[in-house]
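Just so we're aligned, residue 26 is where the sequence shown starts under the numbering used here, counting upward by one. Don't be surprised by glycine CBs; every beta carbon is placed ideally from N, CA and C.
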Amino acid sequence: MKKESNPLPFDSFMNPGVGRYAKTYKESLETPDKFFEEAGFLLDWYSKWDKVLDKSKEPYYRWYVNGKLNLSYNALDRHSSGSRRNKAAFIWVNEKGDEKIVTYNGLYNRVNSFSRALLDMGIRKGDRIAIYLPMIIEEPVAMLAAARIGAVFTVIFSGFGAEAIAERVNDCGAKMIITADGGYRRGKFIPLKETVDRAIELTTTVETVIVVKHTNHETNMVEGRDYWYHDLLEVKNYVEPERMDSNDPLFILYTSGTTGKPKGVVHGTGGYGVWVTNTLKWAFDPKENDRWWCAADIGWITGHSYIVFAPLILGLTSILYEGSFDYPSPDQMWKIISYYEVDILYTSPTAIRALMKYGDEYPRSHDLSSLRVLGTVGEPINPAAWQWYYERIGSSQCPIVDTYWQTETGGFVVSPALGIGYGPLKPGSATLPLPGIDPVIMNSDGKEAKAGEKGLLYLKRPWPGLMLELNNADEKYRTMYFGNAKKYYFTGDYAIKDKDGFYWLLGRADEVLKISGHRIGTIEVEDALLSTGVIAEAGVFGKPHQIKGESIVSFVVLKSGVNLDSSVEAIKNKVRDNFGPLLIPDEIHIVGSLPKTRSGKIMRRIMKAVYQNQVPGDISTLESGASLEEIKESIEKFRKELKTVDLAHS
Ligand code: PRX
């Protein structure tokens with residue numbers, strides 16, 4: 026990626042904001058209590074906090090201590106009686122063009138009815154429930170209903186398979202799963218309920234399953250366990266929102282880490298609510314009558330924060346889209362923008378690159394003039410894609426808001442901030458830190474990196490959106506994120522700060538891959554491969570991919586006696602069944618052995634280097650006391666293996 030680029034022609038976004046941003050940012054660091062006290066007032070509270078930030082139990086930072094609030098109240102009740110009562114909260118659309126408009130008052134009624142249903146089913150404050158739904162209105166309804174009664178929800182991305190669901194349900198002890206009779210993707214029926222049935226066989230805590238009738242496909246209902254969603258709803262119900270403590274958990278969202286199974290990131294109520302709402306305003310400066318389209322999936326943090334909580338709390342109208350951006354035709358995304366006159370589009374670099382490949386005639390044949398601001402998230406955006414987005418989609422009129430953040434950060438942390446006005450923009454840079462965010466880049470000597478020097482990105486002080494903790498993984502929380510000498514929050518990303526103070530995010534420094542913006546651990550893919558039952562050993566790494574950012578390369582050793590001919594397809598199918606399509610490697614190479622240290626650790630870095638025909642680099646650090654000769658031998662063996670594998674056809 027080119028690091029320096031012409032700051033022009035983005036000057037138009039530059040002034041007069043610089044001064045205002047600088048002033049706001051400075052205030053946020055110099056007088057944080059005052060700054061975040063004001064930020065807190067963007068929400069309605071039943072009772073105010075005693076203290077803005079309690080650092081006494083670091084690294085468990087607690088915001089708005091003893092404040093009481095409910096985010097369902099903030100998202101719904103306070104709009105449903107005012108001028109937003111009949112305003113659209115969601116415009117739901119699918120690939121076929123079916124449309125459903127749900128007003129704030131309509132959403133309020135749905136959420137109240139479903140809250141009552143949850144209570145009737147015995148769900149109480151603090152209980153955990155899982156949500157495994159396609160992108161339909163019932164998904165935010167379920168999340169908000171849980172939030173209303175204080176149940177902690179975990180949304181499981183609807184592309185995951187049975188084992189992935191079971192892993193998450195077991196980790197958080199979910200008592201209920203809310204799902205649908207199916208979903209659609211690229212015109213294809215996805216049997217969600219069947220997957221849930223298989224998952225439940227691997228769990229012990231699930232007592233009830235609530236099934237939304239979405240596709241009308243027949244599904245097997247288990248007597249006494251499975252209930253139709255529509256049978257549980259009574260029109261017009263009111264459920265008094267629970268007065269949640271600011272630091273009560275709101276949801277758990279599983280994400281990939283460096284080691285082992287996905288970890289459950291626990292977000293709280295007050296700090297999280299304040300952060301997502303303020304950051305949306307700061308970064309995108311949305312207006313009351315905007316149509317906001319966060320084209321992400323609710324199964325990821327982007328959807329939690331910027332499809333559900335922040336836009337609803339701000340009273341915006343969102344597009345909720347169930348489908349692919351290039352199906353049934355490559356102009357699907359542009360059609361939706363033009364049809365609904367979308368003002369702000371927020372999507373991923375992968376989507377932009379994929380749509381760019383179809384050529385300019387698709388966006389050109391639609392009126393995209395409603396667009397005012399464009400955003401991106403999830404992975405670094407290469408300057409060419411940035412430029413195309415800016416020129417061809419935004420007609421060189423719309424600023425690009427490249428938001429850098431993570432599941433753990435709750436909301437944006439580095440991003441242009443149109444709401445507090447600054448620029449210029451540089452294609453490929455997420456620009457400057459948002460208020461309260463105090464980044465530092467450390468080089469390999471453990472010193473603060475100089476301008477232009479690559480290093481690891483840390484955030485020096487806590488901010489309200491920072492997760493509360495990891496579910497069942499206290500040790501990991503402390504060591505992975507705060508285990509460094511200074512006890513700064515470690516992002517896991519490489520970054521550079523240029524001479525103007527702009528941040529360039531360069532990708533993960535750990536064993537985490539970013540495949541089409543999805544966060545996937547190499548170990549997760551290896552586990553998924555091993556789950557097929559035919560593989561003895563697996564080693565996985567990522568390689569650059571023009572559209573997806575990265576693709577997954579895997580080398581596997583089959584168990585003895587496994588039939589070689591049918592194995593690659595069979596492995597892919599089994600991974601799909603168990604974990605879902607996300608974890609299927611793009612390349613599966615069958616080899617006789619993998620390079621390993623004496624203690625049996627698979628040397629992914631070395632495999633990657635050998636695969637890319639590069640020198641493996643320093644191997645002396647691989648295993649203390651291990652014989653380098655043995656390791657070298659193992660690498661040579663792998664190199665020879667590679668020669669026998671047809672890399673092009675796997
Ligand atoms: O590597 C960074 C990348 O995505 C990671 C976080 O992934 P996840 O928790 O799934 O959250 C994605 C949605 C916020 C980060 O560690 N990342 C995210 N946004 C950007 C990015 N990399 C570069 N530029 C971004 N704007």
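- Query: Can you give the beta carbon distance from F527 to S454, rounded, assuming they're within the 8 Å contact cut?
  - Reply: That belief holds up - the Cβ atoms of F527 and S454 are roughly 5 Å apart, short of 8 Å.
- Leaving aside the five residues before and after W318 along the sequence, list all residues of the same chain whose C-beta is less than 6 Å from its C-beta, in chain order. The residues are I344, V367, L370.
- Message: For a quick check, are the C-beta atoms of L143 and A170 less than 7 Å apart?
- Response: Taking 7 Å as the cut-off, the beta carbon of L143 is found closer than this to the beta carbon of A170.
- Would you be able to state if there are at least three C-beta pairs under 8 Å between the region 232-243 and the region 113-125? no
- Query: Is it true that the region 515-525 meets the region 297-316, where meeting means three or more beta-carbon pairs spaced less than 8 Å apart?
  - Reply: no
- Item | Spatial distance of T669 from I577 (CA atoms) | For T669 and I577, the gap between their C-alpha atoms comes out near 20 Å.
- With 16 other CB atoms within 10 Å as the buried threshold, where does K475 fall? Burial call: exposed.
- Could you tell me if I323 is buried or exposed, where buried requires 16 or more neighbouring beta carbons within 10 angstroms of its beta carbon? buried
- Item | Which listed residue (G198, E433, Y365) has its alpha carbon closest to that of V291 | E433
- Whole runs of the beta strand (DSSP E) within the region 564-649, excluding any shorter than 3 residues: 574-583, 612-615
- Task: Mind checking who M269 pairs with in its DSSP beta bridge?
- Result: L94
- Message: Three or more C-beta pairs under 8 Å: does that hold for the region 192-204 against the region 217-236?
- Response: Yes, the region 192-204 touches the region 217-236.
- Message: What does DSSP give as the partner residue(s) for M467 in the beta ladder?
- Response: According to DSSP, M467 bridges with E473, L481.
- Task: Return the first residue and the last residue of the alpha helix (DSSP H) that D58 is part of.
- Result: 57-65
- Query: Any chance the CB of T280 is under 6 Å from a heavy atom of the ligand PRX?
  - Reply: yes
- Task: Could you check what DSSP says for M146 in three-state terms: helix, strand or coil?
- Result: coil
- Task: Return helix, strand or coil for K668, following the three-state DSSP convention.
- Result: Per DSSP, reduced to three states, the secondary structure at K668 is helical.
- Query: Where does the unbroken beta strand (DSSP E) through A520 begin, and where does it stop?
  - Reply: 514-522
- Is the CB-CB distance between S271 and Y89 below 7 Å? Yes. Within cutoff.
- State buried or exposed for D525, treating a residue as buried only when at least 16 other CB atoms are found within 10 Å of its CB. exposed
- Message: Using a Cβ-based criterion (distance less than 6 Å to any ligand heavy atom), does R544 qualify as near the ligand PRX?
- Response: In terms of side-chain proximity, the C-beta atom of R544 is found nearer than 6 Å to a non-hydrogen atom of the ligand PRX.
- Roughly how far, in whole angstroms, is the beta-carbon of K288 from the beta-carbon of K501, given that I think they are within contact range, below 8 Å? 6 Å
- Is there contact between the region 371-385 and the region 130-141, where contact requires at least three CB pairs shorter than 8 Å? no
- Message: I'd like to check one pair, E347 with P620: are the Cβ atoms closer than 7 Å?
- Response: E347 is positioned such that its CB atom lies no closer than 7 Å to that of P620.
- Any non-hydrogen atom of the ligand PRX within 6 Å of E13 CB: Residue 13 falls outside the range modelled here, since the chain spans only 26 to 675, and no answer is possible.
- Relative to the ligand PRX, is the shortest distance from any of its heavy atoms to the C-beta of Q412 smaller than 6 Å? no
- Task: Quick one: measure Cβ to Cβ for N91 and D75, integer angstroms, because I've assumed they're closer than 8 Å.
- Result: Indeed, because the Cβ distance is near 5 Å, the residues count as touching under 8 Å.
- Give the range of the alpha helix (DSSP H) segment to which E163 is assigned. 163-174
- Segment limits, alpha helix (DSSP H) that includes C197: 187-197
- Delimiting residues of the alpha helix (DSSP H) encompassing K218: Start and end: 217-225.
- Item | Straight-line gap, F507 to P489 (C-alpha atoms, nearest Å) | Rounded to whole angstroms, F507 to P489 spans 16 Å at the Cα level.
- Query: How do the region 560-570 and the region 424-442 stand: do at least 3 beta-carbon pairs fall below 8 Å, yes or no?
  - Reply: Counting C-beta pairs with one atom in each stretch, the region 560-570 and the region 424-442 have fewer than three that are closer than 8 Å, which means they do not touch.
- Three-state secondary structure (DSSP) of I369: strand
- Message: If you reduce the DSSP assignment to three classes, tell me which class E416 lands in.
- Response: helix
- Could you give the uninterrupted runs of the beta strand (DSSP E) lying entirely in the region 96-131, keeping only those of 3 residues or more? 113-119, 124-128
- Message: Which residue wins for smallest C-alpha separation from S349, given the options A321, I332, V333?
- Response: A321
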